[in-house]
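Colleague:
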Amino acid sequence: MNDLFRPVRAIKFPAIGAVSVIRAAGPAPPGPGEVLVGAEFLGICGTDLHVLHGQHPWVRPPLIIGHECVATVLAAGEAVGFAPEARVVLNPLVTCGHCRACRSGHPNHCATAKVIGFRLPGAGRTRFVVSAAQLHAVPAGLDPRLAVLAEPLAVGIHAAGLAADLDRILVIGSGTIGLCVLLALRAQGAGAITVVEPIAEKRLLALRLGAHAAIAPDQVGETAEFTTVFDCVAAPATLDAACRMTLGGGAVVVVGVAEAARQIDLPRMQRFEIDLFGSGMYVPADIDAALAALTTRMIDAAPLISAVRLLDGAQAAYAEAMRPDSVKVLIDMR
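Position in the sequence shown counted from 1, then plus 2, gives you my numbering.
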């Protein structure tokens, strides 16, 4: 048997709160339009942690996890534009490709979309087969530990592109996504950016990454003063603050994923004509933009990496990712 198709090692959540590194069935040879890749680095996402601890609204263990992945092409089927040894980043959003949303260039609006690592088997495997349409070429010279950040950075780039007035910005939450929004806003030339974050270490990191001010939640005022607010938490309290702190004619962009329905101050939003945008993941162009920005160093995302751990230490890596001061923990899958 070709070594490429032998059993693989994979990261599985066998039950709520449990992380295992298992032996799983090897991949089948790639068919037309498919690529066999070898994972290099896997990023641990906040949503992964929600699944692990039974806090996700519709995904539960057991499952093989992982959707932030940089990999190397090992073999390719027919009609594939990637050569062996090419480095690629995974776009985990699998869409139908033919609905109105997909055809209009908004695949993130596809009603039947599924995400690798949640509704589909994850990328937390040493080797796996994936459609070539889900892969983006990594520019030469880009460190794979930075390339794996292209997926979360694409979320920030997409969100930052939804608002027109970037004169005075408030970003609520400075986890990975909040910091990616901050980095994207800085790259777009936004004006003064204030970050709200309860954890002191993350406030310091936000300042290091270019925020003009970083404050604790109890320092948020009562008077509207921001042209656009990005809520990267989507809790009742943060959404209330976002609506309250936005100037008339401004916008609230909700980037965080709420686990349930939320109320908003509709009378105020209507009276002052404040737009409310939901930001849902990204489109492929956002991932390409992220890769380009990382390659040219228009965006320096290296400070987001809190730790890099080996596959054998996956259990400890997920525990480390739960630390309040942790931002992005990577797992070396090689």
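Cβ coordinates follow ideal geometry from the N, Cα and C atoms, glycine included.
Within the continuous alpha helix (DSSP H) that includes residue 322, where are the two ends?
Modeller: Element bounds for residue 322: 316-323.
Colleague: Rounded to whole angstroms, how far is the Cβ of residue 196 from the Cβ of residue 217, which I believe are closer than 8 Å?
Modeller: Correct: roughly 7 Å between the Cβ atoms.
Colleague: For the beta strand (DSSP E) holding residue 312, just list the boundary residues, first then last.
Modeller: Residues 307-312.
Colleague: How long is the line joining the alpha carbons of residue 117 and residue 268, rounded to whole angstroms?
Modeller: Cα to Cα, residue 117 sits roughly 32 Å from residue 268.
Colleague: Is the beta carbon of residue 128 closer than 9 Å to that of residue 12?
Modeller: A contact, by the Cβ cut-off of 9 Å.
Colleague: What do you get for residue 36, buried or exposed, if any count of 16 or more other CB atoms within 10 angstroms of its CB means buried?
Modeller: Buried, because 16 or more other Cβ atoms sit within 10 Å of the Cβ of residue 36.
Colleague: Using a Cβ-Cβ distance cut-off of 9 Å, determine whether residue 215 contacts chain C.
Modeller: No chain C appears in the structure shown, which is made up of a single protein chain.
Colleague: For a quick check, are the C-beta atoms of residue 82 and residue 134 less than 9 Å apart?
Modeller: Yes, the pair counts as a contact, with Cβ atoms nearer than the cut-off.
Colleague: Using DSSP's beta-bridge definition, name the partner residues of residue 158.
Modeller: Partner(s): none; residue 158 has no beta bridge.
Colleague: I'd like to check one pair, residue 332 with residue 210: are the Cβ atoms closer than 9 Å?
Modeller: Their beta carbons are not under 9 Å apart, which means residue 210 does not touch residue 332 by this criterion.
Colleague: When burial is assigned at 16 or more other CB atoms within 10 Å of the CB, is residue 124 buried or exposed?
Modeller: So residue 124 ends up on the buried side.
Colleague: Could you please give the first and the last residue of the uninterrupted beta strand (DSSP E) stretch that includes residue 91?
Modeller: Run containing residue 91: 89-92, per the beta strand (DSSP E) assignment.
Colleague: Near residue 14, which residues of its chain fall below 6 Å by C-beta distance, leaving aside the five closest residues on each side in sequence?
Modeller: Cβ neighbours of residue 14 beyond the five flanking positions: 22, 24, 66.
Colleague: When the distance is taken between beta carbons, is residue 72 closer than 9 Å to residue 91?
Modeller: Yes, these two residues count as a Cβ contact at 9 Å.
Colleague: With DSSP as the reference, label residue 98 as helix, strand or coil.
Modeller: If DSSP states are grouped into helix, strand and coil, residue 98 belongs with coil.
Colleague: Compute the Euclidean distance between the alpha carbons of residue 213 and residue 270, then round it to the nearest angstrom.
Modeller: When rounded, the distance between both Cα atoms is 28 Å.
Colleague: Let me confirm a value: residue 132 is counted as buried when at least 16 other C-beta atoms fall within 10 Å, else exposed. Which label applies?
Modeller: Buried, by the Cβ-count rule.
Colleague: From the DSSP output, in three-state form, read off residue 58 for me.
Modeller: Three-state DSSP puts residue 58 in coil, outside helix and strand.
Colleague: Report the residue from 175, 191, 140, 176 whose alpha carbon sits nearest the alpha carbon of residue 163.
Modeller: The candidate whose alpha carbon is nearest that of residue 163 is 191.
Colleague: Relative to the C-alpha of residue 87, which candidate in 106, 41, 107 has its C-alpha closest?
Modeller: Checking every option, the nearest Cα to that of residue 87 belongs to 41.
Colleague: With a threshold of 7 Å on Cβ separation, who are the neighbours of residue 70 within its own chain once the five nearest residues in sequence on each side are excluded?
Modeller: Closer than 7 Å at the Cβ level, and outside the excluded window around residue 70, lie 44, 45, 47, 150, 153, 154.
Colleague: For residue 144 versus residue 306, is the C-beta spacing smaller than 9 Å?
Modeller: No, Cβ-Cβ distance for residue 144 and residue 306 is not below 9 Å.
Colleague: Since residue 282 and residue 110 should fall inside the 8 Å C-beta cutoff, what is the C-beta to C-beta distance between them, to a whole number of angstroms?
Modeller: With 8 Å as the limit, residue 282 and residue 110 qualify as a contact, their Cβ atoms being about 5 Å apart.
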